[in-house]
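Since the structure comes first, as structure tokens, the remarks are kept for the end.
Protein chains: 2
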Amino acid sequence: MRTSIATVSLSGPLSEKLTAVAAAGFDGVEIFENDLLTAPLSPEEVRLRCADLGLRIELYQPFRDFEAVPADRLDRNLRRAERKFDVMERLGADLLLVCSSVAPEALDDDALAAEHLRLLAERAEEHGIRIAYEALAWGRHISTYDHAWRVVEMADHPALGTCLDSFHILSRGSDPAGIAEIPGEKIFFLQLADAPLMAMDVLRWSRHHRCFPGQGGFDVAGLVSTALRAGYRGPLSLEVFNDVFRQAGAATTAVDALRSLLLLGESAGLTSPPAPSVPTGFAFAELATTDSEPLRGMLGALGFSRTGRHTSKPVELWEQGEARILLNTGSADRRSGPALAAVGVETPDPGRAVRRAEAMLAPVVPRRRAARDAPLDAVAAPDATELFFCRTDAPDQPSWTRDFAAVPGDVVPADAVPGGVRRIDHIALTQPWHQYDEAALFYTCLLGLAADDSLDLADPYGLRRSRAVATQDGGVRVVLNIAPAPGPDDHRLQHIALATDDLLTTARRARDRGAALLPIPANYYDDLYARHALDAETLAAYTELGILHDRDEKGEFLHCYTATVGRVFFELVQRVDGYQGYGARNAPVRLAAQHAHQHTG
Amino acid sequence: MRTSIATVSLSGPLSEKLTAVAAAGFDGVEIFENDLLTAPLSPEEVRLRCADLGLRIELYQPFRDFEAVPADRLDRNLRRAERKFDVMERLGADLLLVCSSVAPEALDDDALAAEHLRLLAERAEEHGIRIAYEALAWGRHISTYDHAWRVVEMADHPALGTCLDSFHILSRGSDPAGIAEIPGEKIFFLQLADAPLMAMDVLRWSRHHRCFPGQGGFDVAGLVSTALRAGYRGPLSLEVFNDVFRQAGAATTAVDALRSLLLLGESAGLTSPPAPSVPTGFAFAELATTDSEPLRGMLGALGFSRTGRHTSKPVELWEQGEARILLNTGSADRRSGPALAAVGVETPDPGRAVRRAEAMLAPVVPRRRAARDAPLDAVAAPDATELFFCRTDAPDQPSWTRDFAAVPGDVVPADAVPGGVRRIDHIALTQPWHQYDEAALFYTCLLGLAADDSLDLADPYGLRRSRAVATQDGGVRVVLNIAPAPGPDDHRLQHIALATDDLLTTARRARDRGAALLPIPANYYDDLYARHALDAETLAAYTELGILHDRDEKGEFLHCYTATVGRVFFELVQRVDGYQGYGARNAPVRLAAQHAHQHTG
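Quick mapping for you: the protein sequence lines, in order, are chains A and B. Just so you know, we're using this note's numbering here: the first sequence kicks off at 1 and counts up by one. Just so you know, we're using this note's numbering here: the second sequence kicks off at 1001 and counts up by one.
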């Protein structure tokens, strides 16, 4: 599988883009004309730079508004093409993308279009250049891939083929099955982009909302498979216009892009990386802090007990039921205030999980560990949260829990008590502004989680996007969200949701032990009573403890929140009758309460 | 004209929204239910707060998914309504917005819908409450205003009327002429929003892209006129969901909102503020700086001469042809580095211009002036640029230029020399991220300028939006743009474009006198040559001086740029044969060159 990406997909000047593309590990690159025009590098310098970086220039693009023009215009267009052939020779590029004309003067005449493209191909051939003709979804007369192919077939020249673009094909609702009828050697190039399914004019959709395969709603893998069966042997090349990627760092975006292509290659059967080892639950959540007292107090109030300390690091283990929280006072220097620094997931085959993570370009976190410590592998997620692959207390290998030993004052791990916390239900991580889609792809790709739809949640200061990634049985659930506007990292809130079978008891106990619960306005309960005729006692208890209520087609959800410590807060949740969500309808109430609490508390 | 705004249009908690609405000068407010639910204030406290602020609560909204339900559901919906009537009594609100149902269980049965709405109105009447029924554009069975009105007519109850919403009506392409057939007293409420014309599913369009009247593409004023002719006597109320307004400061947005309503009132003939005094040209541009040497050097190289100094302030006047630049070293403390602080426009009737500005809520800038100074009035634009209304050298009143006197070393103002700068062509101001639409409305409203379409310009680090506002004859042109991502104020670039009839001469002279011109990559000229067969000499001169070229249906445009000093740079422009644009196609080249120059220069 040869991989490539169009320079327009990344931000910054051309030289930075090329460096990022090579560093991520791509084999080649499409040079977007505007990136060359705005570059201080000559075409020869770009050629040398690419050669140094080991990048093949797969395509120069786009050449616009060429074909099916009145006679007086043809000469000018051919002259323009000759100048571009010169540039391509200097670049060392031998394939030119010509996209179907959008010019008002273009004629609706397939024979004329074919004649002109044949002329262009004849000229190109003299320079050792080939032409890949592509239908833009908003082309003036030619806007579908099968129409473009009919014109190419009619022109019948060896230096003329077609370029297929998954966005242009799938956004129009065209059936990609027809690709099978195009001879593979006439598919000169394959450009790939995904997009969220939206009802929107196709030009705006294309220019602003494309995303990498696996991040949207198109069956890009199916289209690739069809093209491969037709005999396409060129590179898989990403061409994505996206408002966010235009602003994000090129190096990060390039890695994200290649990961999407590797996942696509796996889906299309081109590569066989180690399969995901789908996690079965959370092993632990690790909080890093320099001052552990506030978190110790909070954990104690929530019913956790300290059950051990790490034998070689300043880390404490706190437990309740199957929920384990690590308090790390040794690694917090890089963050401001308490933060959720790492998550351990119970993984049937940790070794395979790490091999898959590496194959999927996740940075493996170097561990400083003592000789006697159990081996424990971790990779870094896009937001720098560390992800550990654990097999807790498995009989066949040393458990990470053996590195913890009880000291005086610690208690023996106990089974869950009635009304206590049973396990970690989910964790929620606010992502850096530019990495929302990337984060979802990271978790689905590495762990085999499935992504829910993205929701807009109303924060008093803007819309917050949120989407959950989870295993099918809900054993591991991670909620990814982004704040309404870009802000500093230390404002990115994170939380740990703890599951109980009896929220009223758990919350009341926590409150009585001194946990500060987030107060919810009385108006919320007036509305809750208007919607569901709850009895007075229940309503009073909810009001007293700040318990929120939601319902889906399966069941009910009760949840409440603690105050925030640093960037971190806790949620207590009770799922009734298989409720699957996260209480999204209550998010505006919770977010407003958190803003209010911040200002007063 | 009674003015109102829905709280959902503004950011922040309810109490801040109410303060902002009152401070801007609105008469009333719609209370959006979610704003109440998330507020720590009780309904009684909200009522008191509004009374203190002099705000009438015009509407409580929305009550959803009520009508045309199966019998078992009706009781629950009526019970829910009774609870909301209680809340409204506590609030002191007497009008409830009921929007057409989107619930899957709603039946397609107008008679049933009318029967249920009549039941609701009967209950409401017992509480002294009236019901305004509105068709959501995406309502399940009722989605047009005329359909909603037919159901209201069928229900035939005095406490039931209809609510018209300009977005729901105009986004569906409905003809608002039918409003004339609704008895005015049955139009209980009128909600107003504009929106840019977009092909997009109407729910997304509504939730994210509404804007204030005059900022979009709908004929909101026409709709209002029709409703008034029908006999509507209620308030004009804004209900705008917009991703940007959700994040912007409520106080600023509220002023912007009321300005749009005042302009709408004027268009609809409801009010008669002083008419705009449309400016005829630029009187001056004022640069504020603490260190004037770099700008003095730049102005000198561009061919300007110092012709005088202000008699009471540390301000120098530099002139060339009809272009005047003020260098102010007394007011720069509030900005970092040289910045474009003020603009003077030649105004036929400065007094009327100020009265209009005040009527349109523009803050008048208090002037510190000596007794002998000529009177000169200014208002502050949304980005804090000061806007002066001038009549330079008019015979009937003292000219601001009389406050400047030549000192030794100054020269006498000369007529334009051949190949010199003739006048200020336009100024370009990067707006704060949240104030792009507001700024366009400010200039069109105050000065009577017309706004061009908004363009997306590709900066290497994201898309930059840009739109021009100009007088019909092009005498005053202001380009407003926003950077791709929010950033600090001192990064907001500004520039002054100077018109010449002979750019080659002007640019060459400037370069020879030591002006640093922005270098443009050679690749740009290869492409220019490919598109237009320019002769070798011209191409060499363009390359040497960094001259860019554009063409529209009327004529040609030549332009080049100086290096940036602080936040400010200059552009030299030559318009040939009535070219009307600003060289947008060259913006990516210029922006990339500026980034490159910043890193190396």
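Yeah, the Cβ is synthetic: ideal placement off N, Cα and C, and Gly gets one too.
Got a sec, what are the start and stop residues for the alpha helix (DSSP H) residue i sits in?
i: residue 525 of chain A; result: 522-531
i: residue 169 of chain A; result: 166-171
i: residue 668 of chain A; result: What is shown of chain A runs 1 to 601, which leaves residue 668 of chain A out entirely.
i: residue 1083 of chain B; result: 1071-1091
i: residue 1307 of chain B; result: Taken as a continuous stretch (DSSP letters only), residue 1307 of chain B belongs to no alpha helix (DSSP H), being part of the beta strand (DSSP E) at 1305-1310.
i: residue 538 of chain A; result: 536-545
i: residue 1050 of chain B; result: 1043-1053
i: residue 1034 of chain B; result: 1033-1037
i: residue 1113 of chain B; result: 1110-1126
i: residue 1504 of chain B; result: 1503-1512
List the residues of chain B that residue i touches, going by C-beta distances under 7 Å, in chain order.
i: residue 61 of chain A; result: Correct list: empty, because the minimum Cβ distance to chain B is about 14 Å.
i: residue 40 of chain A; result: 1521 and 1596
Could you check if residue i is buried or exposed, using at least 16 other CB atoms within 10 Å of its CB as the buried criterion?
i: residue 27 of chain A; result: buried
i: residue 491 of chain A; result: exposed
i: residue 435 of chain A; result: buried
i: residue 453 of chain A; result: exposed
i: residue 11 of chain A; result: buried
i: residue 311 of chain A; result: exposed
i: residue 574 of chain A; result: buried
i: residue 79 of chain A; result: exposed
i: residue 1229 of chain B; result: exposed
i: residue 237 of chain A; result: buried
i: residue 1231 of chain B; result: exposed
i: residue 345 of chain A; result: buried
i: residue 1048 of chain B; result: exposed
Locate the beta strand (DSSP E) running through residue i, then write down its first and last residues.
i: residue 1390 of chain B; result: 1386-1390
i: residue 1282 of chain B; result: 1281-1288
i: residue 60 of chain A; result: 56-63
i: residue 1462 of chain B; result: 1462-1470
i: residue 1004 of chain B; result: 1003-1006
i: residue 94 of chain A; result: Premise fails: residue 94 of chain A is in no beta strand (DSSP E) and is neither H nor E.
i: residue 610 of chain A; result: The requested residue 610 of chain A does not occur in the structure, where chain A is confined to residues 1 to 601.
i: residue 271 of chain A; result: Run containing residue 271 of chain A: none; DSSP gives neither H nor E here.
i: residue 1210 of chain B; result: Taken as a continuous stretch (DSSP letters only), residue 1210 of chain B belongs to no beta strand (DSSP E), as it is neither H nor E.
i: residue 151 of chain A; result: Careful: residue 151 of chain A lies outside any beta strand (DSSP E), inside the alpha helix (DSSP H) at 145-155.
Report back the beta-carbon spacing between residue i and residue j to the nearest angstrom; my notes put them in contact at under 8 Å.
i: residue 958 of chain B; j: residue 1239 of chain B; result: Not covered by the structure: residue 958 of chain B. The range shown for chain B is 1001 to 1601.
i: residue 277 of chain A; j: residue 227 of chain A; result: With a Cβ gap of about 31 Å, residue 277 of chain A and residue 227 of chain A do not count as contacting.
i: residue 1190 of chain B; j: residue 1259 of chain B; result: Incorrect: roughly 19 Å between the Cβ atoms, too far for contact.
i: residue 60 of chain A; j: residue 93 of chain A; result: 4 Å
i: residue 45 of chain A; j: residue 4 of chain A; result: Not quite, the Cβ-Cβ distance comes to about 20 Å (not below 8 Å), so this is no contact.
Using the beta-carbon of each residue, which ones in chain B are nearer than 8 Å to residue i?
i: residue 11 of chain A; result: 1460, 1461 and 1462
Name the chain A residues whose beta carbon is nearer than 9 Å to that of residue i?
i: residue 1529 of chain B; result: 83
Under 9 Å Cβ-Cβ, which residues of chain B neighbour residue i?
i: residue 405 of chain A; result: The premise fails here: residue 405 of chain A is roughly 47 Å from chain B at the closest Cβ pair, so nothing lies under 9 Å.
- Message: So if I threshold CB-CB distances at 7 Å, which residues from the stretch 498-526 of chain A count as touching chain B?
- Response: 521, 522, 523, 524 and 526
- Would you list, in chain order, the members of the stretch 1576-1592 of chain B that have their beta-carbon closer than 7 Å to a beta-carbon of chain A? 1588, 1589 and 1592
- Query: Between the stretch 1176-1205 of chain B and chain A, which residues of the former have CB atoms less than 8 Å from a CB of the latter, in chain order?
  - Reply: 1198, 1199, 1200, 1201 and 1204
- Item | Against chain B: residues of the stretch 240-273 of chain A by CB proximity under 7 Å | 243, 246 and 247
- Going along the chain, which residues of the stretch 549-562 of chain A sit with their C-beta nearer than 8 Å to a C-beta in chain B? none
- Message: By the 9 Å beta-carbon criterion, what residues does the stretch 1422-1441 of chain B contribute toward chain A?
- Response: 1433
- chain A contacts from the stretch 1018-1040 of chain B (Cβ-Cβ distance under 7 Å): 1034, 1036, 1037, 1038, 1039 and 1040
- Closer than 7 Å, Cβ to Cβ, to anything on chain B: give me those residues from the stretch 82-93 of chain A, in chain order. 83, 84 and 87
- Query: Got a sec: which bits of the stretch 1341-1358 of chain B sit with their beta carbon under 7 Å from any beta carbon on chain A, in order along the chain?
  - Reply: none
- Message: Output needed in chain order: residues of the stretch 62-80 of chain A with a Cβ under 9 Å from some Cβ in chain B.
- Response: 76, 79 and 80
- When Cβ atoms are compared, which residues of the stretch 364-383 of chain A fall closer than 9 Å to chain B? none
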